[in-house]
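Since the structure comes first, as structure tokens, the remarks are kept for the end.
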Amino acid sequence: MTITTPSTATVAHSVGRVYAYAVPSAEVLRWITVQYAEGKARRTVLERRCTLARFERDVATPAIAATAGQVAEWVGRNPSQRSAVTIGSDLSKLRAFYRWCVLIGQRADDPTAHIRPPRRPRRQPRPISNDQFYRLLRSAGADRALKAMILLAGLAGLRVHEVARFQARDLDVEGRTITVTGKGGRQDIIPAHPTILENARFMPSSGYWFPSQRARHLGGRVVTQRIRLHMITCRVPGTPHCLRHYFGTELVSAGADLRVVQELMRHSQLSTTAIYVGVADTRKRAAIDTLAPPPQPTA
């Protein structure tokens, strides 16, 4: 039986970046095939494949034979030009491969075992304001697709790649729910905002809401570009992901229980959701500070 895996060109196109790396070694390709068999998300698998191919190219050694020194040197390269998130991501992908190698007996050791991931700075949400959100909607005008992208991100908290592959069947108009297919193929059902339900009548009644001539649907990168360009035109700072931050912050500001917000945002850790509380409190403080001081008593 011949097992085929995506070509290098397909990998590059799928993850939205330009890669010119050679096809990874046979051991890496075998690992990639196993991940597909285990049901790992396609995007995750493709990114891991690209990282391993890049590692093998840079160290000029098959990953299966790389030493702990080679791994450490590669992961720690150019620290001033790479963020802790990027370094940690590279390490995580290598670690996943080597743990599999140890598991199946291809290696006796894990060369990443003694490398600690860098401490990641605590990220803070960067939500846009209510006025900015409604400005984006108003300025979308007759562009129903763009408006739908903004609504799904801002009133349902969908990530750009989730918006990109949204289908008509994902919206249950009668049940007023949205089925979101997220990371790892996980599906969650969340309530649909009335505005999304209202706008749905202008969208395709079957198939993908954002179809593409080159593929079944637009890629996450295209969705990002469309929303980002619209934000620039409307003079709204930030990135499309700020719409998701807006969703979470508004829920907390409205008094929603933190556990409910966690489920609606589909966070695996409550600590991730908790950062939105701080932003909401900041907004409350700002609102209080706008109150006029009481008149001073006259002598």
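Here the numbering used here is used: the first residue of the sequence shown is 57, the next is one more, and so on. Built from N, CA and C at the ideal position, the CB exists for glycine as well. These figures come from a predicted structure and were not determined experimentally.
In this structure the region 102–115 lies against the region 143–160, because at least three pairs of beta carbons, one per stretch, are closer than 8 Å.
If you draw a straight line from the Cα of Arg-99 to the Cα of Thr-289, it comes to about 30 Å. Within the same chain, and ignoring the five residues on either side of Pro-118 in sequence, the residues whose Cβ sits closer than 7 Å to its Cβ are Ser-81, Glu-83 and Glu-112.
The region 183–236 contains, as complete alpha helix (DSSP H) runs of 4+ residues, the segments 186–196, 200–211 and 216–220 (chain order). Here His-170 is exposed: its Cβ has fewer than 16 other Cβ atoms, across all protein chains shown, within 10 Å.
Here Thr-338 is exposed: its Cβ has fewer than 16 other Cβ atoms, across all protein chains shown, within 10 Å.
Counting C-beta atoms within 10 angstroms of its own C-beta, Phe-258 has fewer than 16 neighbours from the protein chains shown and is therefore classed as exposed.
With a contact defined as Cβ atoms closer than 8 Å, Thr-123 and Pro-173 miss out at about 19 Å. Here Asp-337 carries a helix assignment [DSSP, helix/strand/coil]. Counting only runs of 3 or more residues that sit fully inside the region 246–291, no beta strand (DSSP E) segment turns up. Using a 10 angstroms sphere on the CB of Glu-306, the tally of other CB atoms reaches 16 or more, which defines it as buried.
With respect to the 8 Å criterion, Leu-299 and Leu-314 are not classified as neighbours on the basis of their beta carbons. Note on geometry: alpha-carbon atoms of Leu-192 and Gln-91 lie some 40 Å from one another. By the Cβ rule, the region 264–281 counts as touching the region 216–231, because three or more pairs are nearer than 8 Å.
In the DSSP annotation of this structure, Glu-94 is not part of any alpha helix (DSSP H), being labelled neither H nor E.
In the three-state reduction of the DSSP assignment, Gln-162 falls in the coil class, being assigned neither a helical nor a strand state. Comparing alpha-carbon positions, the option among His-249, Ala-212, Gln-318 and Lys-203 lying closest to Arg-284 turns out to be Lys-203. Using a Cβ distance threshold of 8 Å, Ser-185 and Ala-224 do not count as a contacting pair. Just measuring C-alpha positions, the residue of Gly-241, Val-236 and Asn-255 sitting nearest Pro-247 is Val-236. Judged by their CB atoms, Val-316 and Pro-183 are not nearer to each other than the 8 Å cut-off. Closest by C-alpha distance to Gln-180, out of Tyr-302, Asp-345, Gly-144 and Ser-324, is Tyr-302. A direct Cα-to-Cα measurement between Ile-88 and Ile-143 gives close to 21 Å. Closest by C-alpha distance to Asp-226, out of Gln-188, Asp-244, Ile-331 and Leu-211, is Asp-244.
For His-170, there is no enclosing alpha helix (DSSP H), as DSSP marks it with neither H nor E. The alpha-carbon of Val-158 is positioned some 14 Å away from that of Arg-86. Sequence-distant Cβ neighbours of Gly-238 in its own chain, meaning closer than 7 Å and more than five residues away, are Glu-218, Asp-244 and Arg-322. Across the set Ser-195, Ile-234 and Gln-188, the C-alpha of Ile-234 shows the shortest separation from the C-alpha of Leu-208. Taken through DSSP and simplified to helix, strand or coil, Gln-137 comes out as helix. In chain order, Pro-260, His-273 and Leu-274 place their CB closer than 8 Å to the CB of Pro-267, counting only its own chain and leaving out the 5 sequence neighbours on each side.
Selection Gly-210, Val-292 and Tyr-264 evaluated against Pro-250 yields Gly-210 as nearest (Cα-Cα). Secondary structure at Asp-114: helix, using DSSP grouped into helix, strand and coil.
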